[in-house]
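Protein chains in written order, with the working numbering: chain A, 1 to 200; chain B, 201 to 840. In what follows, a single structure is set out as structure tokens and then discussed.
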């Protein structure tokens, strides 16, 4: 191919933030897949509820306490998360390190509370279909919570030890996006597990 | 060796082969692997047909027969039909859109290894008499803990997990590669039809596959740790399984079929030597098929006693899908008749075979879509005939057309036309001889999934005929294998563009170099190679010291930035091995989910962690977004 003209791209940046980056689209694809998974799980909950003669099936509703605490912790963790994302955009390494550590602390907190949540569901997965679907929804979210925590921890260590390149700031920014997804996915699950048996 | 060669080439030897992240090498392995599974699943079909050739035959007993048809269906759907289309796309799409690799090369390798290990697991357990036994859709309660004891159905459920994870990975690759890595100037309205078809397919995969993954997870936990999702005695529901399965399972049919439509829309214009008629209409048809396909799943459940209103809705939706499909057929006929006279080369023969067979399959589909008739024909051989007409006619024929069409690009050699004709006619005649009689058998009342039938039924003649046809199809596949082997050994060399086709994949060497294009062309039309002044310009200034690709904007494909791709690595293979241990471990113990995730985590961290050397190379060429010049400048000059 011998073209007369060339399109010179040598001055283009070698990474970019937000929807310009490939990583953003990869993360978005993953979020869409996982959201579909959550949505189908929730539809399953309401399907089983629809055919049940009572709901919850032979059990009191799950205790509100831990689930509600966790909703608060998760929502609050959005603040350091967003600050870490902004610091990444400025490529401010000090602030990135600081806010990621705060995120990790929040991560430890919500995982401890999550463990307590499992003890206060007032049912068991093997007791009946209600117990199964409640455990399934909570486990599904916990898997995302734990993997996102490990991701964040690994990335945070890398931000301290290196070797660093500029596009690691894009990783921090995308990691923050995924963290928002873990928070966002929790809200309908919280509503379903804890409030639906009480309100409807 | 040029700098590009040094940067993109894999290191020689076994390690280089295992560590490769070249989308072409991975895709070739993917295609070959799916074809091996296709052949194995085909052999299972021949065993079934041999058993059914005579009434009251005792070659195969009922237990083995259950495993045969379950494994045949599962392998054809999960290990051949969906992955082969993705594999072809993982080869072609980066070439078609004019880039040097897929968006996430290591993830691509991981997806392939996972698929391979899942397939190997399935055939290994089948050989060990632990193959699936409850059909490819494993309905509960038959597949539940009570009626399917042992591990057979658990392995089936994990087959789903393996293949669906691999399919989802492929889908994300295709979406991001098409959205963000097209050559400059290739706006969405200039995207090749096959890339459009794969984009639509990838979105369908993203929304359909999670449903079956969740369903098979529920199934395995019902079996392993006594959850009660599908147990009516404890508030569960068997129809929940059918809903979750078919919410995936019906789009699945179109996930197989839509890529084939894309292939036809590529092949026909090349032979008719004119642009495809109704490009916009074809794209809209693909998108509407995708949407409609999510509203059809209940037509698999017409006999489960659903409310009549729901049945009417799904009947209408099912029949409506004939509209976009019909539109496409008319566009293709118009392309053929208004272009230059077509040479009947093997790809065209297979496309014409597709027209014939698929139209019959489509018509029996309209019949089955009517819930009243479906009540009569459900679970009969009529359904077997229909689904093979649709799937083999709709996907395997176009796929063979595609193999013959793109084989010279992939290997640099042209398949023999003579053997190609044998391949086609044996397949076409054999297929119709095998499956047409099944319509009649079904109407006469022969049920599916029976291992034998009595002589008094009067079904022997047609069954024998079907068996003869099946062996003809087997012979055809043998001819194809011979053709491939002989061509690789001593076939005529193909040039860069043996068909005179207009797509970018034909603008580079056959087979393409590791970096696909030495110069990325600027695209100014839908059929760039047919433009007199192609390429009007090429991209210059991409760094060559590490693998890089040009990232362009989603809608107008203007250059945006340069992405640095990861180097070849063994970590994806190790991560896939660790994941395999986890998946197979959970067949035996739920705790595998905990201990199995440790090696997975370690390998994923190894995969992610940058080496000091790589980081140094990246820093050398790094341009921060804030330091970069206005990105409009370069392209603005060109368009002026």
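Cβ coordinates follow ideal geometry from the N, Cα and C atoms, glycine included.
C-alpha gap between residue i and residue j, whole angstroms
i: residue 697 of chain B; j: residue 101 of chain A; result: 56 Å
i: residue 275 of chain B; j: residue 237 of chain B; result: 7 Å
i: residue 219 of chain B; j: residue 29 of chain A; result: 25 Å
i: residue 183 of chain A; j: residue 143 of chain A; result: 13 Å
i: residue 252 of chain B; j: residue 343 of chain B; result: 25 Å
i: residue 174 of chain A; j: residue 34 of chain A; result: 16 Å
i: residue 824 of chain B; j: residue 12 of chain A; result: 9 Å
i: residue 551 of chain B; j: residue 145 of chain A; result: 49 Å
i: residue 840 of chain B; j: residue 5 of chain A; result: Note that residue 840 of chain B scores a pLDDT of 32, beneath 50, so its modelled location is shaky and nothing firm can be said.
i: residue 741 of chain B; j: residue 25 of chain A; result: 25 Å
i: residue 231 of chain B; j: residue 611 of chain B; result: 13 Å
i: residue 187 of chain A; j: residue 70 of chain A; result: 10 Å
i: residue 715 of chain B; j: residue 204 of chain B; result: 7 Å
i: residue 763 of chain B; j: residue 775 of chain B; result: 24 Å
i: residue 598 of chain B; j: residue 463 of chain B; result: 7 Å
i: residue 266 of chain B; j: residue 335 of chain B; result: 7 Å
i: residue 734 of chain B; j: residue 683 of chain B; result: 34 Å
i: residue 370 of chain B; j: residue 460 of chain B; result: 17 Å
i: residue 419 of chain B; j: residue 749 of chain B; result: 43 Å
i: residue 647 of chain B; j: residue 269 of chain B; result: 14 Å
i: residue 837 of chain B; j: residue 10 of chain A; result: Its pLDDT being 49, under 50, residue 837 of chain B is placed unreliably by the model, and the measurement read from it follows with that caveat. Using only the alpha carbons, I get a separation of about 15 Å.
i: residue 262 of chain B; j: residue 233 of chain B; result: 30 Å
Chain B contact residues for residue i, given Cβ-Cβ distances below 8 Å
i: residue 29 of chain A; result: 371, 372, 375, 376 and 406
Exposed unless 16 or more other CB atoms sit within 10 angstroms - verdict on residue i
i: residue 189 of chain A; result: buried
i: residue 226 of chain B; result: buried
i: residue 431 of chain B; result: buried
i: residue 745 of chain B; result: exposed
i: residue 323 of chain B; result: buried
i: residue 332 of chain B; result: buried
i: residue 301 of chain B; result: buried
i: residue 604 of chain B; result: buried
i: residue 327 of chain B; result: exposed
i: residue 105 of chain A; result: exposed
i: residue 797 of chain B; result: buried
i: residue 77 of chain A; result: buried
i: residue 312 of chain B; result: buried
i: residue 7 of chain A; result: buried
i: residue 512 of chain B; result: exposed
i: residue 639 of chain B; result: buried
i: residue 442 of chain B; result: buried
i: residue 215 of chain B; result: exposed
Residue from the options with nearest C-alpha to residue i
i: residue 737 of chain B; options: B/472, B/745, B/746 and B/724; result: B/724
i: residue 524 of chain B; options: B/476, B/790 and B/486; result: B/486
i: residue 113 of chain A; options: A/21, A/63, A/88 and A/7; result: A/63
i: residue 280 of chain B; options: B/364, B/257, B/424 and B/297; result: B/364
i: residue 32 of chain A; options: B/388, B/639, B/351 and B/410; result: B/410
i: residue 759 of chain B; options: B/384, B/699, B/720 and B/581; result: B/384
i: residue 583 of chain B; options: B/635, B/489 and B/548; result: B/635
i: residue 695 of chain B; options: B/609, B/375, B/663 and B/509; result: B/609
i: residue 811 of chain B; options: A/177, A/17 and A/163; result: A/163
i: residue 357 of chain B; options: B/213, B/340 and B/755; result: B/340
i: residue 19 of chain A; options: B/753, B/769, B/655 and B/819; result: B/753
i: residue 272 of chain A; options: B/787, B/415 and B/815; result: An answer regarding residue 272 of chain A cannot be provided, because it is not within the stretch 1 to 200 covered by chain A.
Proximal residues of chain B, C-beta to C-beta of residue i below 7 Å
i: residue 186 of chain A; result: Simply none; closest approach about 18 Å.
Partner residues on chain B for residue i, Cβ-Cβ distance less than 9 Å
i: residue 200 of chain A; result: Ordered by position in chain B, no residue passes the 9 Å Cβ test against residue 200 of chain A, which lies about 17 Å from the chain.
Residues that residue i contacts on chain A, provided the C-beta gap is smaller than 8 Å
i: residue 380 of chain B; result: 22 and 25
i: residue 444 of chain B; result: 40 and 44
9 Å Cβ cut-off: residues of chain A touching residue i
i: residue 427 of chain B; result: 125, 126, 129, 131, 132, 133, 135 and 136
Closer than 7 Å at the beta carbon, the chain A residues around residue i
i: residue 434 of chain B; result: 128 and 129
i: residue 846 of chain B; result: There is no way to answer for residue 846 of chain B, as the model of chain B reaches only from 201 to 840.
*Specify whether the region 585-592 of chain B and the region 548-565 of chain B touch according to this definition: at least 3 beta carbon pairs, one from each stretch, less than 8 Å apart.*
yes
*asked:* Could you check whether the region 391-401 of chain B touches the region 415-424 of chain B, counting it as contact only if at least three pairs of C-beta atoms, one from each stretch, sit closer than 8 Å?
replied: no
*Counting Cβ pairs closer than 8 Å, one from the region 145-161 of chain A and one from the region 446-457 of chain B, do we hit at least three?*
no
*Count the C-beta pairs between the region 450-462 of chain B and the region 397-412 of chain B that are closer than 8 Å, then say yes if the count reaches three, no if not.*
yes
*Does the count of Cβ pairs from the region 515-530 of chain B and the region 474-494 of chain B closer than 8 Å reach three?*
yes
_At least 3 beta-carbon pairs within less than 8 Å: the region 665-677 of chain B vs the region 238-250 of chain B_ = yes
*For the 8 Å Cβ check, are there 3 or more pairs between the region 537-546 of chain B and the region 473-482 of chain B?*
yes
_Under 8 Å: do the region 767-786 of chain B and the region 697-708 of chain B share three or more Cβ pairs, one atom per stretch?_
no
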